[in-house]
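S.K.:
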Amino acid sequence: MAQTEKLDLVLTQLDKGLDTALQRLLDFLRIPSISTDPAHNGDVCAAAEWLRNELEILGFQASLRDTDGHPMVVAHSQPGEGRTLLFYGHYDVQPVDPLSLWDRPPFDAAIQDTAAGRIIRARGASDDKGQLMTFVEACRAWKAVHGALPSGLVLLFEGEEESGSPSLLPFLDANADELRASLALICDTGLYADGRPAITTQLRGLVGEEIVVRAADRDLHSGHFGGLAANPIMVLATALAALKDENGRITLPGFYDGVEELTDEMRRNWQALGFDVGAFLAEVGLKYPIGEKGRDPLEMMWNQPTAEINGISGGYTGDGFKTVLPAEARAKVSFRLTGQQDPAKVRAAFRAHMQAHLPADCQIEFHEHGGSPASVMDTSDPAFAAAKQALTEEWGREAAYIGAGGSIPIAGDFKRMLGMDSMLIGFGREDDRIHSPNEKYNVESFAKGARSWARILAELRG
Ligand code: BES
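Under the numbering used here, residues 669 to 1130 are what the sequence shown spells out, in order.
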């Protein structure tokens, strides 16, 4: 039978199996695999075991691999001719708080008809259980038609992505020969707006830092001591506010070293996407973009670095009012990096900045929360053009090469440690509310996502 006929059969098989595949995904989503919360350790293991079992039923050689943290799920199909592919995803999910903002319990997964279309509602629906299952379902349909899985596949699923992947590097290092493939596929990104398919060709890096500022050895009366005693919240706020100047430029010395300006070609490509910043912000209840004057919105989001405060706490925040100078204040700060910016240098510059703003009487503590450089993919690999064509055929709109503001550190790790490029293809939508209450994944993303992988596999493994 010709390859195109086989592909048609795989696609039909996926359509026929959609309802069952959705039920399977709902089962997976009902396991509350929140990796950052030790109270959910058993659930994280249960999700890993669920996945291993599914993959084994499908005919993969699948195993759970212990790490110092949550287990890895590794699965192999039979060897075969041609290039090998490593598919990566994560089975852990973000915490769900604030619970009160969810329309239904986050792990009571359900299909709902909404104004946004038919959706799968649950924590992890989009990030990343629904996405990774698009690939698994494509493999299932492939096997039903071909009688065997696509050959030369390695599947790697981790359970710590949402908590900084502490076990990933040691695992890649210890299992490099087993995991190395000619290309990695990562399904943890999104469509371009309006259901236009996309391959993400660059990701920002990330530096995370937690800071504690301490002053007096106890909380103080702000009237008795105010004006004389240092206030750690004021110290923190002043230092953090000084991270940006009035034009939105980050003030850390050397911060922009390694940031690369867009090439004319990239600028033209991104301008041709017709990004509507007004509509993008309106979606989240905003109107006015911040950022440097003279830079395009997509450039600010995809190709410029940021400094952000992700959390700040200290003093009295309960009901009513308390006139207090607190003994300590805390903040969590992150930087998104682009180009060749060095995470270690950015961290060092940030720490020096904070030290320089610290009154003599105060102490400061720093806690590191991960650091990864930005990644830019080499799209000259013919797999990119083939996947672009496959996506275009499935979605009926030309697939775009886009950037992403978010970070997937493993793409850089694959390159550095296994010499492997990554192709980032995902079907999430901007309104999926990943990391927020009421996360969802459109049934269309799931169904067409699986069909897209079937087409891509036919191109790369057919
Ligand atoms: N999948 C997201 C990131 C993403 C989404 C990248 C869409 C590109 C397009 C991923 O799960 C995520 O949220 N990553 C974290 C970093 C991680 C180290 C905690 C992020 O970007 O904040």
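C-beta atoms are modelled at their ideal positions from N, C-alpha and C, and glycine is treated no differently.
From residue 1023 to residue 1002, what does the alpha carbon distance come to, in whole angstroms?
M.R.: Locating residue 1023 in the sequence shown gives position 355, where the first residue counts as 1. Locating residue 1002 in the sequence shown gives position 334, where the first residue counts as 1. Their backbone Cα atoms lie some 17 Å apart in a straight line.
S.K.: Quick check: the Cα distance between residue 1033 and residue 998, rounded to an integer number of angstroms?
M.R.: Working through the sequence shown from its first residue, we reach residue 1033 at position 365. Working through the sequence shown from its first residue, we reach residue 998 at position 330. Approximately 9 Å, taken between the alpha carbons.
S.K.: Which of the three DSSP states is assigned to residue 955 in this structure?
M.R.: Against the sequence shown, residue 955 aligns to sequence position 287. DSSP places residue 955 in coil when its eight states are reduced to three.
S.K.: Cβ-heavy atom distance between residue 1068 and the ligand BES below 7 Å?
M.R.: In the sequence shown, the residue the question calls residue 1068 occupies position 400. Residue 1068: no, Cβ never under 7 Å from the ligand BES.
S.K.: Does DSSP classify residue 1044 as helix, strand or coil?
M.R.: Start at 1 with the first residue of the sequence shown, and residue 1044 comes out as number 376. If DSSP states are grouped into helix, strand and coil, residue 1044 belongs with the strands.
S.K.: Exposed or buried, residue 943, counting other C-beta atoms within 10 Å across all chains shown (16 or more means buried)?
M.R.: Sequence index remark: in the sequence shown, residue 943 carries index 275 (1-based). That one is buried.
S.K.: Take residue 1096 as the anchor and find which of 712, 868 and 851 has the nearest alpha-carbon.
M.R.: As a working mapping, residue 1096 is identified with position 428 in the sequence shown. For residue 1096, the nearest C-alpha among the options comes from 868.
S.K.: Which runs of the beta strand (DSSP E) spanning at least 3 residues fall entirely within the region 812–886, listed in chain order?
M.R.: You should have 821–826, 851–854, 866–871 and 873–882.
S.K.: Can you tell me whether residue 958 is buried or exposed, with buried defined as 16 or more other CB within 10 angstroms of its CB?
M.R.: Reading the sequence shown from its first residue, position 290 is the one you call residue 958. Flag for residue 958 reads exposed.
S.K.: Once DSSP output is grouped into helix, strand and coil, what is the label at residue 726?
M.R.: In the sequence shown, counting from the first residue as 1, residue 726 sits at position 58. The answer is coil: DSSP assigns residue 726 none of H, G, I, E or B.
S.K.: In the DSSP assignment, the beta strand (DSSP E) including residue 695 goes from what residue to what residue?
M.R.: Along the sequence shown, one-based indexing puts residue 695 at 27. First-last for residue 695: 686–697, but that is the alpha helix (DSSP H), not the beta strand (DSSP E).
S.K.: Nearest-angstrom Cα distance between residue 769 and residue 778?
M.R.: Taking the sequence shown and counting its residues from 1, the one referred to as residue 769 is at position 101. Taking the sequence shown and counting its residues from 1, the one referred to as residue 778 is at position 110. Using only the alpha carbons, I get a separation of about 17 Å.
S.K.: With distances taken from CA atoms, which of 830, 995 and 823 is nearest residue 847?
M.R.: Reading the sequence shown from its first residue, position 179 is the one you call residue 847. That would be 823, whose Cα lies nearest to the Cα of residue 847.
S.K.: Taking 7 Å as the line, does the beta carbon of residue 1098 fall inside it for any heavy atom of the ligand GTP?
M.R.: Here the bound small molecules are the ligand BES; the ligand GTP is not part of this structure.
S.K.: Let me know the alpha helix (DSSP H) ranges lying completely inside the region 722–798, each 4 residues or longer, listed in chain order.
M.R.: Runs of the alpha helix (DSSP H) inside the region 722–798: none found.
S.K.: Looking only at C-alpha atoms, which of 901, 794 and 718 sits nearest to residue 1099?
M.R.: Locating residue 1099 in the sequence shown gives position 431, counting from the first residue. The shortest Cα separation from residue 1099 among 901, 794 and 718 belongs to 794.
S.K.: Of all the options 1077, 782 and 991, which has the alpha carbon lying nearest to the alpha carbon of residue 857?
M.R.: Mapped onto the sequence shown, residue 857 falls at position 189. Ranking the options by Cα distance to residue 857, first place goes to 1077.
S.K.: Considering only residues of the same chain and omitting the five flanking positions on each side of residue 743, which have a CB-CB separation below 6 Å?
M.R.: Here residue 743 corresponds to residue number 75 of the sequence shown, with the count starting at 1. The answer, listed in chain order, is 723, 728, 730 and 823.
S.K.: Thinking just about the alpha-carbon of each residue, which of 979, 949 and 914 is nearest to the one in residue 969?
M.R.: Along the sequence shown, read from residue 1 onward, the residue named residue 969 stands at position 301. Checked all of 979, 949 and 914; the closest Cα to residue 969 is 949.
S.K.: Which ranges would you report for the alpha helix (DSSP H) in the region 1050–1097 if only whole runs of at least 4 residues count?
M.R.: Those alpha helix (DSSP H) runs which fall completely within the region 1050–1097 and span 4+ residues are 1050–1063 and 1077–1086.
S.K.: Tell me the rounded alpha-carbon separation between residue 1053 and residue 1047.
M.R.: Reading the sequence shown from its first residue, position 385 is the one you call residue 1053. Reading the sequence shown from its first residue, position 379 is the one you call residue 1047. In a straight line, the C-alpha of residue 1053 is about 8 Å away from that of residue 1047.
S.K.: When burial is assigned at 16 or more other CB atoms within 10 Å of the CB, is residue 1191 buried or exposed?
M.R.: Examination of residue 1191 is not possible in this model, given that the chain is present from 669 through 1130 alone.
S.K.: Is residue 940 near the ligand BES, judged by its Cβ being under 7 Å from some heavy atom?
M.R.: What you label residue 940 is simply residue 272 of the sequence shown in a count that begins at 1. False, no ligand heavy atom lies under 7 Å from that Cβ.
S.K.: Return the CA-CA distance between residue 718 and residue 785, expressed in angstroms with no decimal places.
M.R.: Translated into the one-based positions of the sequence shown, residue 718 becomes position 50. Translated into the one-based positions of the sequence shown, residue 785 becomes position 117. Each residue's Cα considered, the two are about 28 Å apart.
S.K.: If you follow the alpha helix (DSSP H) that residue 933 is part of, which residue opens it and which one closes it?
M.R.: Start at 1 with the first residue of the sequence shown, and residue 933 comes out as number 265. That run of the alpha helix (DSSP H) goes 932–939.
S.K.: Are residue 1006 and residue 973 closer than 8 Å when you measure CB to CB?
M.R.: To locate residue 1006, count along the sequence shown from 1; it is residue 338. To locate residue 973, count along the sequence shown from 1; it is residue 305. The answer is yes: Cβ separation under 8 Å.
S.K.: Please list the terminal residues of the continuous alpha helix (DSSP H) segment that includes residue 1111.
M.R.: Locating residue 1111 in the sequence shown gives position 443, counting from the first residue. Its alpha helix (DSSP H) spans residues 1111–1129.
S.K.: So residue 917 is in the beta strand (DSSP E); what residue range does that whole segment cover?
M.R.: Walking along the sequence shown from the start, residue 917 turns up at place 249. Here residue 917 belongs to no beta strand (DSSP E), and DSSP marks it neither H nor E.
S.K.: Does the separation of the CB atoms of residue 1127 and residue 1055 fall below 8 Å?
M.R.: Taking the sequence shown and counting its residues from 1, one reaches residue 1127 at position 459. Taking the sequence shown and counting its residues from 1, one reaches residue 1055 at position 387. Result yes, Cβ atoms of residue 1127 and residue 1055 sit closer than 8 Å.
S.K.: What do you reckon, are the CB atoms on residue 1083 and residue 787 nearer than 8 Å?
M.R.: What you label residue 1083 is simply residue 415 of the sequence shown in a count that begins at 1. What you label residue 787 is simply residue 119 of the sequence shown in a count that begins at 1. Contact flag unset, no.
S.K.: Of the residues 709, 764, 766 and 907, which one's Cα is nearest the Cα of residue 739?
M.R.: Working through the sequence shown from its first residue, we reach residue 739 at position 71. For residue 739, the nearest C-alpha among the options comes from 709.
S.K.: Output needed for residue 1117: all residues of its chain with C-beta closer than 6 Å, excluding positions within five of it in sequence on either side, in chain order.
M.R.: As a first step, residue 1117 is located in the sequence shown; it is residue number 449 there, counting from the start. 802 and 1095.
S.K.: Just verifying my parser: in three-state terms, what is the DSSP assignment at residue 681?
M.R.: Walking along the sequence shown from the start, residue 681 turns up at place 13. Here residue 681 sits in helix by DSSP.
S.K.: Considering residue 1024, what are the terminal residues of the alpha helix (DSSP H) in which it resides?
M.R.: On the sequence shown, residue 1024 is found 356 positions in, with the first residue counted as 1. Where residue 1024 is concerned, the enclosing alpha helix (DSSP H) stretches over 1011–1024.
S.K.: Going by C-alpha to C-alpha distance, which of 854, 809 and 845 sits closest to residue 826?
M.R.: Locating residue 826 in the sequence shown gives position 158, counting from the first residue. If we check each option's Cα against that of residue 826, 854 comes out closest.
S.K.: The beta strand (DSSP E) with residue 999 in it runs from where to where?
M.R.: On the sequence shown, residue 999 is found 331 positions in, with the first residue counted as 1. Taken as a continuous stretch (DSSP letters only), the beta strand (DSSP E) holding residue 999 covers 996–1005.
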